[in-house]
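Report on one structure; see the data block that follows.
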Amino acid sequence: MIACGNLLPGARSLYRWKGEVEDAREVVALLKTRKQDWSALVSRLHELHPYETPECVAVRVAAGAPKYLAWLEAALEPEGTG
6 MIACGNLLPG ARSLYRWKGE VEDAREVVAL LKTRKQDWSA LVSRLHELHP YETPECVAVR
66 VAAGAPKYLA WLEAALEPEG TG
């Protein structure tokens, strides 16, 4: 479902929630996947995340190093097909 994930601890998030301003320590997760796997990834994140409404946003890749993009595609192939 993801080719790679980066966990960045120590983030401080300030946000409004149910009429209050929240100040929370969080871990930012950058998860690399393909557009066609996005819906499944978001569904799984919502199952696992403790927040009622976790932040899940997609950033489209406009360009990337060809070898990295090839690795990404290969890493996302089902096991036994590559």
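One gets our numbering by counting positions in the sequence shown from 1 and adding 5 to each.
No residue lacks a Cβ here, since even glycine has one placed at the ideal position from N, Cα and C.
Option nearest residue i by Cα separation, candidates the options
| i | options | result |
| --- | --- | --- |
| L46 | C61, R30, P71 and Y73 | C61 |
| T58 | L81, S48, W76 and A67 | S48 |
Pair within 9 Å by beta-carbon distance, residue i and residue j
| i | j | result |
| --- | --- | --- |
| G10 | A34 | yes |
| D28 | M6 | no |
Neighbourhood of residue i by C-beta, 7 Å cutoff - its chain only, sequence neighbours within 5 removed
| i | result |
| --- | --- |
| R21 | none |
Whole-angstrom distance between residue j and residue i, CA atom to CA atom
| i | j | result |
| --- | --- | --- |
| V32 | E25 | 21 Å |
| K37 | A16 | 19 Å |
| E52 | A8 | 20 Å |
| H54 | P71 | 33 Å |
| V66 | K23 | 33 Å |
Residues bridged to residue i (per DSSP)
| i | result |
| --- | --- |
| E27 | Y20 |
| K37 | C9 |
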